[in-house]
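Engineer: Reading the sequence shown from the start, the letters are residues 1 to 753 in our numbering. One structure, pasted below without further comment.
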Amino acid sequence: MALTTRPHTGGDTPQPPPPHGRLTALARALIRHRTPVFLLVAAFSVAAALFGSGVAGHLSGGGYTPEDSESARAERLLTERFGAGSPDMVLLLEADTPVDRPEPARAGREFTERLRAESSVVFAESFWTTGDPSLRSEDGRSALVLVGLAGDEDRATRAAQDLVPGLTGEQGPFTVTATGDAPLNDQLEKQSQEDLTRAELIAAPLTLLILLAAFGSLVAALLPVLVGVVSVLGTLAVLRLMAEFTEVSLFAMNITTALGFGLAVDYSLFIVTRYREELARGREVGEAVAESLRTAGRTVLFSALTVALSLAAMLVFPVYFLQSLAYAGIAVVVLAAAASLLILPAVLALIGRRIDRFDVLAGLRRRLPGSRPDGQGFWHWLVSGVMRRPVLLGGAVAALLIVLALPFGHARFGLTDDRILPAGSSARAAADTVREEFPGAATSPATVVLPGLDPGERRADLARYARDLSRVEGTARVDGAAGSWAGGRRVAPPGPGSAAYADGSEGGGTWLSVVPAPGPNSAAGEEHVRALRAVDAPSSVLVGGPAAALVDTKDALGERIPWAAAVITLSMFVLLFLFSGSLVVPLKALLLNVLSLTASFGAMVHVFQDGHLKWLVGDFTHTGQLEVTVPLLMFCVAFGLSMDYSVFLLSRIREEYLATGDNTRAVVFGIDHTGRLITAAALVVATVMAALATSQLSLLKLLGAGLALAVLVDATLVRGILVPAGMKLLGSVNWWAPRPLRKLHEKAGLHDA
Numbered sequence: 001m002a003l004t005t006r007p008h009t010g011g012d013t014p015q016p017p018p019p020h021g022r023l024t025a026l027a028r029a030l031i032r033h034r035t036p037v038f039l040l041v042a043a044f045s046v047a048a049a050l051f052g053s054g055v056a057g058h059l060s061g062g063g064y065t066p067e068d069s070e071s072a073r074a075e076r077l078l079t080e081r082f083g084a085g086s087p088d089m090v091l092l093l094e095a096d097t098p099v100d101r102p103e104p105a106r107a108g109r110e111f112t113e114r115l116r117a118e119s120s121v122v123f124a125e126s127f128w129t130t131g132d133p134s135l136r137s138e139d140g141r142s143a144l145v146l147v148g149l150a151g152d153e154d155r156a157t158r159a160a161q162d163l164v165p166g167l168t169g170e171q172g173p174f175t176v177t178a179t180g181d182a183p184l185n186d187q188l189e190k191q192s193q194e195d196l197t198r199a200e201l202i203a204a205p206l207t208l209l210i211l212l213a214a215f216g217s218l219v220a221a222l223l224p225v226l227v228g229v230v231s232v233l234g235t236l237a238v239l240r241l242m243a244e245f246t247e248v249s250l251f252a253m254n255i256t257t258a259l260g261f262g263l264a265v266d267y268s269l270f271i272v273t274r275y276r277e278e279l280a281r282g283r284e285v286g287e288a289v290a291e292s293l294r295t296a297g298r299t300v301l302f303s304a305l306t307v308a309l310s311l312a313a314m315l316v317f318p319v320y321f322l323q324s325l326a327y328a329g330i331a332v333v334v335l336a337a338a339a340s341l342l343i344l345p346a347v348l349a350l351i352g353r354r355i356d357r358f359d360v361l362a363g364l365r366r367r368l369p370g371s372r373p374d375g376q377g378f379w380h381w382l383v384s385g386v387m388r389r390p391v392l393l394g395g396a397v398a399a400l401l402i403v404l405a406l407p408f409g410h411a412r413f414g415l416t417d418d419r420i421l422p423a424g425s426s427a428r429a430a431a432d433t434v435r436e437e438f439p440g441a442a443t444s445p446a447t448v449v450l451p452g453l454d455p456g457e458r459r460a461d462l463a464r465y466a467r468d469l470s471r472v473e474g475t476a477r478v479d480g481a482a483g484s485w486a487g488g489r490r491v492a493p494p495g496p497g498s499a500a501y502a503d504g505s506e507g508g509g510t511w512l513s514v515v516p517a518p519g520p521n522s523a524a525g526e527e528h529v530r531a532l533r534a535v536d537a538p539s540s541v542l543v544g545g546p547a548a549a550l551v552d553t554k555d556a557l558g559e560r561i562p563w564a565a566a567v568i569t570l571s572m573f574v575l576l577f578l579f580s581g582s583l584v585v586p587l588k589a590l591l592l593n594v595l596s597l598t599a600s601f602g603a604m605v606h607v608f609q610d611g612h613l614k615w616l617v618g619d620f621t622h623t624g625q626l627e628v629t630v631p632l633l634m635f636c637v638a639f640g641l642s643m644d645y646s647v648f649l650l651s652r653i654r655e656e657y658l659a660t661g662d663n664t665r666a667v668v669f670g671i672d673h674t675g676r677l678i679t680a681a682a683l684v685v686a687t688v689m690a691a692l693a694t695s696q697l698s699l700l701k702l703l704g705a706g707l708a709l710a711v712l713v714d715a716t717l718v719r720g721i722l723v724p725a726g727m728k729l730l731g732s733v734n735w736w737a738p739r740p741l742r743k744l745h746e747k748a749g750l751h752d753a
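In structure tokens, the structure reads:
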């Protein structure tokens, strides 16, 4: 049975024409001018495809740390004043003989000097130029070259793209591989494009099968896919345009194309379903299109508003990874809604009553649950059972979701590193070797910048400070203008092996490199940074480095989470009140959304942090932590999607309640008549997100799997059991609001058409 609601029982007599309105007028204008509409859509699609085809080369890696944080300011000072800082690229040179023998040593020095001669290289230090034993492997057959590249993160990545091919492979007596942030970003860019192509090839045919099962008609099923393809092309163009004016995260391409395709298909699903209902009620084609846009089109507009407001909450976080995804996501939501509202009326008017042609799955669908001709199928049976035992069934599901949420209580958060890449990538393999064979190397040092201290005049103060830093638990070595220190003792005089024995070229000052014992992306690394910052300094001081960036990012995000929660809660509460006229309905919807999302978060901790059930999502490296920004992104996206389904369901329940005054009947009717549509819409979005989870990049795998699970939990357990159980227990209280607010809703509410 196809997606329809009340069957037409009034013979062939057409329904009265709908009242005029802006959406009705828009529909009629699009029908009249459908030929120009087709030409404009075709021209837009071609132009968007051409303009957006090279978007990946204009997107930026990174963007996970606040630009005004202490660690970011320290890195900028190091680059601008000292020509130093954390290395952007680490080159691993492996030889058949010990690297300190004459021939490898000569070749190593020449290799380092060749690097220093490159215009894009700020500094290049190696075992052969510094004598630092930590830059030589434990077996003596490998060595590291630490390279700083000019410019910001994007320029460093582009420089690495130019340099790496000529530096890697067989280089004299060495086999050279590259790792570090710049080569990592380059490989992330290439891998994300491969993953995007694979995800689209998986999602498109599966989406078509879901729509075929829902609609029955091949013609009807193809329409949402058509709108989805136009939306994806427009999304790429939007990202390309945004990249001209601001930094946009590399992952925006994968995430927003998936979101845009899923929403465009969902919105088209609503409109096409309503169009078929109107035809079944006896309307002429033109009036059916106009009525569909007036009713389902209103739902699409409201849905786009809820999703856009949820995404807007990410704008409060001071990291461009989240901010760029917010801007891009909002633009994509608007584009998906516009594509559905502007393309479908013209296409439906052209197709007319042929919308039900080619019912290729009729036999299979008749055997599926819920295919009874009276419309009272699976969802009617399920909700009726829940209404008879709301405490038992609702309590059982709530307990299940709470159990699923428990692992989130021990969630640990970090920043992305090379382990986001698949194990076979060259940058990942080189990084694994560095971790295993160079445990004391300063590839991720804490950088301590003293911009106002003259190391010549205050050498004693600097030496005292370096000594105190070396005594901090977790410090392996401190290098600076006062020499190298370890455990409170100076172990080497100032020299080329020291990190900063020269003054700043402008403005004086100096800096120290602190080599940490713990890894930078760990709880011990965070404690080490906090301890360094607590040491009494002889002048103003900035502590940077990867571990400091993690500390600053977590602190900044933690401070802004209440603001983001306030934006989402207040905006969703107001919108649901204007829609329902109740104070209880919005509160209950918000609580249920939080419950279902925390359950999804718990499952993600169990799989991606703790490494259980990895076979469900494909192989990846679990690092014992989650990327700190992903739960925030997942929450904002999933919250918007779940509110979308809440509105669609509540509109039908409220419509029946106002007509009958019977709360139980209204709930059963609303879920019975929207269950198929919400399930199909959720399956489409979940399929698109699950395709995203096939990525070889663990961050996209985490996000895709988490969103797919969140959408499925919301559309089944929450909408099918918790919502009816809660509404049954509350009865008429569901629709309560004080008299002044009821009057406000009568005047300003978003009433059903």
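Using N, Cα and C, we set each Cβ at its ideal position, and we do this for glycine too. All figures in this text were calculated on a predicted structure; none of them were measured in a lab.
(1) In chain order, what residues of the same chain have a beta carbon less than 7 angstroms from the beta carbon of V529, not counting five sequence neighbours either side?
(2) I'd like to check one pair, G108 with F408: are the Cβ atoms closer than 7 angstroms?
(3) Leaving aside the five residues before and after H762 along the sequence, list all residues of the same chain whose C-beta is less than 6 angstroms from its C-beta, in chain order.
(4) With 16 other CB atoms within 10 Å as the buried threshold, where does S53 fall?
(5) Taking Cβ to Cβ, would you say T256 is nearer than 7 angstroms to G329?
(6) What residue range does the alpha helix (DSSP H) around F261 cover?
(7) What's the call for A288, buried or exposed, on a 16-neighbour Cβ count within 10 Å?
(8) Run the proximity test for L587: is its beta-carbon closer than 6 angstroms to any non-hydrogen atom belonging to the ligand GTP?
(9) Exposed or buried, which one is V585 when buried takes at least 16 other CB atoms within 10 Å?
(10) Tell me, please, which residues DSSP counts as bridged to W485.
(11) Are the beta-carbon atoms belonging to L462 and S539 less than 7 angstroms from one another?
(12) So, is W615 buried or exposed, given that buried needs 16 or more other C-beta atoms within 10 angstroms?
(13) With C-beta atoms as the reference, is L712 less than 7 angstroms away from A686?
(14) Which same chain residues, not among the five before or five after I31, have their C-beta less than 7 angstroms away from its C-beta?
(15) Measuring only the C-alpha atoms, how far is G166 from T129?
(16) Which same chain residues, not among the five before or five after V238, have their C-beta less than 6 angstroms away from its C-beta?
(17) Just checking, does the region 386 to 405 make contact with the region 720 to 740 on the three C-beta pairs under 8 angstroms criterion?
(18) Based on Cα-Cα distance, which residue from Q187, D139, V232, E284 lies nearest to E200?
(19) Classify W563 as buried or exposed, calling it buried when 16 or more other Cβ atoms lie within 10 Å of its own Cβ.
(20) Write down the C-beta distance between Q191 and L421 rounded to the nearest angstrom, noting that I regard them as a contact closer than 8 angstroms.
(21) Could you please give the first and the last residue of the uninterrupted beta strand (DSSP E) stretch that includes T510?
(22) Name the DSSP bridge partner or partners of A143?
(23) Would V316 and R560 be called neighbours here (beta carbons separated by less than 7 angstroms)?
(24) So, under 8 angstroms CB-CB, Y64 and F321 are touching, yes? Tell me the CB distance rounded to an integer number of Å.
(25) Using 7 angstroms as the threshold, is the C-beta distance between L450 and G480 below it?
(26) Is it a yes or a no for the region 114 to 125 touching the region 138 to 149, going by three-plus beta-carbon pairs under 8 angstroms?
(27) Looking only at its chain, what residues have a beta carbon closer than 8 angstroms to the beta carbon of I343, apart from the 5 residues adjacent to it on each side?
(28) On the three-pair Cβ rule with 8 angstroms, is the region 99 to 106 touching the region 180 to 198?
(29) Give, in chain order, every unbroken run of the alpha helix (DSSP H) that is at least 4 residues long and sits entirely within the region 398 to 480.
(30) What are the start and end residues of the beta strand (DSSP E) that includes V543?
(31) Quick check on the burial criterion: 16 or more other C-beta atoms within 10 angstroms. Buried or exposed for P439?
(32) Do the region 569 to 580 and the region 669 to 677 touch if we need at least three Cβ pairs shorter than 8 angstroms?
(33) Going by the CB atoms, is the gap between V515 and A476 shorter than 7 angstroms?
(34) Applying the 10 Å Cβ sphere with the 16-neighbour rule, what's the burial state of A537?
(35) Rounded to whole angstroms, what is the Cα-Cα separation between F245 and N185?
(36) Nearest CA to the CA of V164: which residue from D152, E153, T179, G151?
Structural biologist: Answer, in terms of the structure:
(1) Scanning its chain for C-beta atoms nearer than 7 angstroms, with the 5 sequence neighbours on each side dropped, one finds around V529 the residues A446, V543, A547, A548, V551, in chain order.
(2) no
(3) With the chain covering only 1 through 753, there is no way to say anything about residue 762.
(4) Sixteen is the threshold: since fewer than 16 other Cβ atoms of the shown chains lie within 10 Å of the Cβ of S53, the residue is exposed.
(5) At the C-beta level, T256 and G329 come within 7 angstroms of one another.
(6) 252 to 280
(7) buried
(8) The model depicted lacks the ligand GTP and carries no ligand whatsoever.
(9) buried
(10) V478, R490
(11) no
(12) exposed
(13) yes
(14) G286, V289, P345, A346, A349
(15) 21 angstroms
(16) If you ignore the 5 residues before and after V238, its C-beta comes within less than 6 angstroms of the C-beta of A331, all in its own chain and listed in chain order.
(17) yes
(18) V232
(19) Exposed, since its Cβ has fewer than 16 Cβ neighbours within 10 Å.
(20) Their Cβ separation, rounded to whole angstroms, is 7 angstroms, which keeps Q191 and L421 in contact under 8 angstroms.
(21) 510 to 516
(22) DSSP, once it has assigned bridges, lists L93, R136 as partnering A143.
(23) yes
(24) Rounded to the nearest angstrom, the Cβ distance from Y64 to F321 is 5 angstroms, consistent with a contact under 8 angstroms.
(25) no
(26) yes
(27) V37, V41, L226, V227, V230
(28) Using a C-beta cut-off of 8 angstroms, the region 99 to 106 makes no contact with the region 180 to 198, since fewer than three inter-stretch Cβ pairs fall below that distance.
(29) 426 to 437, 459 to 471
(30) Where V543 is concerned, the enclosing beta strand (DSSP E) stretches over 542 to 544.
(31) Looking at its Cβ environment, which holds fewer than 16 other Cβ atoms inside 10 Å, P439 is exposed.
(32) Contact check between the region 569 to 580 and the region 669 to 677: fewer than three CB pairs, one atom from each, fall below 8 angstroms, which does not count as touching.
(33) yes
(34) Counting C-beta atoms within 10 angstroms of its own C-beta, A537 has 16 or more neighbours from the protein chains shown and is therefore classed as buried.
(35) 21 angstroms
(36) Comparing Cα positions, the closest option is T179.
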